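Reading through the structure tokens given below for one structure.
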Amino acid sequence: MKVRQKVQCSLVTVALLFTVAHADETKNTQELEGITITEKSDTTEGSHSYTIPKMSSATKMNLTPLETPQSVSVVTSEQMEDFNLDSINEALEYATGITVEKMESDRTMFTSRGFTITNLLEDGVNLPLSYDYQYGDIDMALYDRIEVTRGATGLSSNHGDPSATVNLIRKRPTSDTQAEAKLTYGSWDKKRIEADASGALNESKTIRGRVIVAKETSDSYLDRYSSDSTLVSGIVEADVMNDARITFGATHYSDKNNGTQWGGIPAFDGNDYDVSTNAASDWSYRDVTTNEFFTEFSTPLSSRWNLKATYKYKDTKQDAKLINLWDYSGVLEIDALQKYAFDTKEHLFDITMDGKYDLFGREHEAVFGINIAKRDADERSDYDLDNTGTVIDLTTWNGTTVSPVFDDRTLLAKWKEEQKSVFAATQYHLSDSLSLIAGTKVSNFDKKGYGYWDSDVTSENDGIWTPYASLLYKFTPNISSYVSYTTSFTPQAYLDENGQYVDPKEGKNLEFGIKSSWFDNALNTSFALFKTSQDNVASYAGTLSDGTGRSYYTLEDGVTTKGFEVEVAGKLSEQINASLGYTNLSIENADGEDTQTYIPTETLKAMLTYSPIHALKLGAALRWQNATRISYWYGSATQDAYSIVDVMASYQFTKNFKASLYVDNVGDKKYYGSLVKPYINYGEPRNVGITLAYTY
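Residue numbers (the working numbering): 9 to 704.
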């Protein structure tokens, strides 16, 4: 789409939002055909909604979407249940503006607005992803919803990353007793059992608990690949003196996978491989185990001020044996055989105080806080260099190789990183209609340890100032417009050709938007224009020459993304829930040339469910993206534009029992999971599942 066409489309969209909003303004106090408006909590569980009344992921202030001066989206409990979105990959596939790059069977990268997402939070706290990848999967049984803030969030996350921040919000104990059990069976012998019980632990209901368990095993459309995951989690919260609350929680999650890929099918050899083709051996595996503990303490300091303190400990262990194939001048060979371990221990502290104050005859809001995050990482590996060089024909290969010979894993990298920050922000009401949010964060980022190529690594970035400012104007109680500006500073875990860490990304972010909200926040719409300029953007350049198969990256300055996003989410009627998000962007380097071409510049995400009668629900979901491509000196590959359609149907047989049927990729579309690197893997073909659920 040409620039002029994009601008015209943007203006038409703005006009449409204004027109629809103005036309319905006088009707907002009435009921939307059949919708009964009831007071809502921030929890989406049981809300039967595709939106949420308030969220704090963008600014640390609990604001409605209409009051939030950034592009925000939510994947609710209802959406995840309707379309059987059991993993974070599946859920984010339907988040506006998010691209899920399934690089390998167990390694995923998320992008938004042309850049990699590193901020993956849990209840608002976490360290950025190691190496910008999600290893293994994350089971969504633990979470009530996913809140997504597109653009930089320097106030609410450790890094002001310009892509997006993904915030996973845990399910919490309930005062009333409730329980649910689910059984799922699907294609490739997928078997899943889920149990969730919650309620008061004493008669006065001042102590409450919740236990969640999920177990899943499955084969795959990929040859030789299978998975086995286990989730066990418990939370106890107690109301103590003076309305204070203390919470303890622990989670164990293991994700064990056989036939795990390291790399994939050559992208440049011109062959049309079968969807089931797997570039992993029959002995390959990757196991990821996470143990986590957290505690929270919250208390009112007065009738207008509150304090919340959080501590979280997270221990993640990764163990793997992997094979890497590489296409040398048209000949595919075994390039590396690796025995690998990557262990991290994280300590996270967060103290936040928020409240209201009066100034010049008006009431305003403010938030202050301190974050401290520490990570100890230990990366070990051993390589079998004697059994490389064997030529592989993927069209006939059954995964058999000479059994690799590994010694004890030796130290590859060992480091400590520490991030400290203080932040403050206020929402200052200049008039009844105009408000200013201004804030800043000052951070220290320190990283020390033993790095690649037997070198010591030291990275110190202290006193980094991240300002944030926005103006929001309410034209009516249902329509607002905003402009926001912030800078971003993002340390990176990528290596350069010398095996050293590359410099941090630095950038500036500007956004303008218009929003509307209807029927007591049951339906939200938004339109946003954005522009981001970044320096030190990492691009994959090849593998290190030390025989480890490790990737190295080069940096680009002056990378600019600009574009627009449109989203509609919520209830269209009592029988219809819907969400629709469209993103259109350009990604250019300092010379005005396209860059990051593996990222789609147009995406469309849509979900719709319809209940013709109370017990029956029918639904369909659509994902579409335009063409992407990748190019190196030795070849290029293109993924044509494609769309994926999923459908569902559920029937509530009794008050307690429901059955659901899902069909994903109805058209059995063949497509690449990603073009981030010069190898590809195919996305899931058509698959079917059925879930039986009993609630109490």
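For glycine and all other residues, C-beta sits at the position ideal for the given N, C-alpha and C.
Keep in mind it's a predicted model, so treat the numbers as computed, not measured.
*asked:* In this structure, how does DSSP classify residue 130 when only helix, strand and coil are distinguished?
replied: Position 122 of the sequence shown holds residue 130. Residue state, collapsed to three classes: strand.
*Cβ of residue 227 within 7 Å of Cβ of residue 196?*
Position 219 of the sequence shown, counted from the first residue, corresponds to residue 227. Position 188 of the sequence shown, counted from the first residue, corresponds to residue 196. Yes, the pair counts as a contact, with Cβ atoms nearer than the cut-off.
*Tell me which same chain residues have a C-beta within less than 6 Å of the C-beta of residue 137, skipping the five on either side of it?*
On the sequence shown, position 129 is the one that residue 137 refers to. So the qualifying residues of the chain are 126, 128.
*Identify the residues that DSSP records as bridge partners of residue 331: which are they?*
As a working note, residue 331 is residue 323 in the sequence shown. In DSSP, residue 331 forms a bridge with 345.
*Return the bridge partner residues of residue 219 from the DSSP annotation.*
Here residue 219 is taken as the residue at index 211 of the sequence shown, counted from 1. Bridge partners of residue 219: 205, 242.
*So what's residue 136 in DSSP terms, helix, strand or just coil?*
Within the sequence shown, the letter at position 128 stands for residue 136. If DSSP states are grouped into helix, strand and coil, residue 136 belongs with coil.
*Measuring CB to CB, does residue 491 end up less than 7 Å from residue 520?*
Here residue 491 refers to the residue found at position 483 of the sequence shown. Here residue 520 refers to the residue found at position 512 of the sequence shown. Yes.
*Would you say residue 232 and residue 265 are within 7 Å of each other, going by their C-beta atoms?*
If you number the sequence shown from 1, residue 232 lands on position 224. If you number the sequence shown from 1, residue 265 lands on position 257. Their beta carbons are not under 7 Å apart, which means residue 232 does not touch residue 265 by this criterion.
*asked:* Whether or not the segment 397 to 407 and the segment 360 to 375 are in contact is what I'm after, with contact meaning three or more pairs of Cβ atoms, one per stretch, closer than 8 Å; do they touch?
replied: no
*asked:* I need the DSSP call for residue 48, collapsed to helix, strand or coil.
replied: Taking the first residue of the sequence shown as position 1, residue 48 is located at position 40. With a pLDDT of only 47 at residue 48, under the threshold of 50, the placement of this residue in the model should not be trusted, and no figure is reported.
*Counting along the chain, where does the beta strand (DSSP E) carrying residue 152 start and finish?*
Taking the sequence shown and counting its residues from 1, the one referred to as residue 152 is at position 144. That run of the beta strand (DSSP E) goes 151 to 158.
*Can you tell me the Cβ-Cβ gap for residue 444 and residue 419, rounded? I've got them flagged as a contact below 8 Å.*
For the purposes of this step, residue 444 is taken as the residue at position 436 of the sequence shown. For the purposes of this step, residue 419 is taken as the residue at position 411 of the sequence shown. Not quite, the Cβ-Cβ distance comes to about 51 Å (not below 8 Å), so this is no contact.
*asked:* Tell me the DSSP secondary structure of residue 197 in three-state form.
replied: The residue you call residue 197 lines up with position 189 of the sequence shown. Of the three classes helix, strand and coil, the one that applies to residue 197 here is helix, per DSSP.
*asked:* Can you look up residue 269 in the DSSP assignment and give me helix, strand or coil?
replied: Working through the sequence shown from its first residue, we reach residue 269 at position 261. Coil at residue 269, not helix or strand.
*Kindly confirm or deny that the segment 99 to 107 and the segment 605 to 623 touch, where touching means at least three C-beta pairs closer than 8 Å.*
yes
*For residue 548, which of 533, 564, 254, 542 has the nearest alpha-carbon?*
In the sequence shown, residue 548 corresponds to position 540, counting from 1. Closest option to residue 548, Cα to Cα, is 564.
*On a CA-only basis, which of 319, 253, 659 is nearest residue 621? Give me that one, please.*
In the sequence shown, the residue the question calls residue 621 occupies position 613. The candidate whose alpha carbon is nearest that of residue 621 is 659.
*Return the residue from the list 152, 142, 335, 700 that minimises the CA-CA distance to residue 712.*
Here the chain has residues from 9 to 704 only, and residue 712 is not among them.
*Going by beta carbon distance, what residues of the same chain come within less than 6 Å of residue 580, once the five residues before and after it are set aside?*
If you number the sequence shown from 1, residue 580 lands on position 572. The residues are 586.
*Go through the segment 555 to 585 residue by residue and report every complete run of the beta strand (DSSP E) that reaches 3 residues or more, in order.*
559 to 564, 567 to 581
*So, helix, strand or coil for residue 66, using DSSP?*
For the purposes of this step, residue 66 is identified with residue 58 of the sequence shown, where counting begins at 1. Of the three classes helix, strand and coil, the one that applies to residue 66 here is coil, per DSSP.
_Cut-off 7 Å between Cβ atoms - residues of its own chain near residue 441, not counting five sequence neighbours on either side_ = Sequence index remark: in the sequence shown, residue 441 carries index 433 (1-based). Answer for residue 441: 481, 482, listed in chain order.
_Just to confirm the assignment: which complete beta strand (DSSP E) runs, minimum length 3, are found wholly within the segment 345 to 427?_
370 to 391
*asked:* Suppose contacts are defined by Cβ-Cβ distances below 7 Å. Is residue 631 in contact with residue 652 by that definition?
replied: Counted from its first residue, the sequence shown places residue 631 at position 623. Counted from its first residue, the sequence shown places residue 652 at position 644. Contact flag set, yes.
*If you drop the 5 nearest sequence neighbours on each side, which residues of the same chain put their C-beta closer than 6 Å to that of residue 145?*
Taking the sequence shown and counting its residues from 1, one reaches residue 145 at position 137. Excluding positions up to five away in sequence, the list reads 95, 263.
_To the nearest angstrom, how far is the alpha carbon of residue 161 from that of residue 79?_
As a working note, residue 161 is residue 153 in the sequence shown. As a working note, residue 79 is residue 71 in the sequence shown. Near 11 Å, if we compare the C-alpha coordinates of residue 79 and residue 161.
*Secondary structure of residue 89, DSSP reduced to three states*: For the purposes of this step, residue 89 is taken as residue 81 along the sequence shown, with counting starting at 1. DSSP places residue 89 in helix when its eight states are reduced to three.
*Tell me which same chain residues have a C-beta within less than 7 Å of the C-beta of residue 119, skipping the five on either side of it?*
On the sequence shown, position 111 is the one that residue 119 refers to. Closer than 7 Å at Cβ, skipping near neighbours: 107, 109, 125, 171, 607.
*Can you tell me the Cα-Cα spacing of residue 312 and residue 364, whole angstroms?*
The residue labelled residue 312 in the question sits at position 304 within the sequence shown. The residue labelled residue 364 in the question sits at position 356 within the sequence shown. For residue 312 and residue 364, the distance between alpha carbons rounds to 6 Å.
*asked:* According to DSSP, is residue 308 part of a helix, a strand, or is it coil?
replied: Position 300 of the sequence shown, counting from 1, holds the residue named residue 308. Looking at residue 308 - three-state DSSP - the assignment turns out to be strand.
*Spell out the partners DSSP gives residue 234 in its beta bridges.*
Looking up residue 234 in the sequence shown gives position 226. Answer by DSSP bridge pairing, in chain order: 266.
*asked:* Assuming residue 50 and residue 62 are in contact, meaning their beta carbons sit under 8 Å apart, how far apart are those beta carbons, in whole angstroms?
replied: Locating residue 50 in the sequence shown gives position 42, counting from the first residue. Locating residue 62 in the sequence shown gives position 54, counting from the first residue. With 8 Å as the limit, residue 50 and residue 62 qualify as a contact, their Cβ atoms being about 5 Å apart.
*For the putative contact between residue 321 and residue 341, defined by C-beta atoms under 8 Å, what is the C-beta separation to the nearest angstrom?*
By 1-based counting over the sequence shown, the position of residue 321 is 313. By 1-based counting over the sequence shown, the position of residue 341 is 333. Residue 321 to residue 341, Cβ: 43 Å. No contact.
*What's the gap between the Cα of residue 213 and the Cα of residue 184?*
Along the sequence shown, one-based indexing puts residue 213 at 205. Along the sequence shown, one-based indexing puts residue 184 at 176. Those two C-alpha atoms are separated by around 8 Å.
*Find out if the Cβ-Cβ distance for the pair residue 327, residue 353 is shorter than 7 Å.*
Here the question's residue 327 lines up with position 319 in the sequence shown. Here the question's residue 353 lines up with position 345 in the sequence shown. Going by C-beta atoms, residue 327 is not nearer than 7 Å to residue 353.
*Which value, in whole angstroms, describes the spacing of the CA atoms of residue 187 and residue 303?*
Against the sequence shown, residue 187 aligns to sequence position 179. Against the sequence shown, residue 303 aligns to sequence position 295. Residue 187 and residue 303: Cα-Cα distance of roughly 24 Å.
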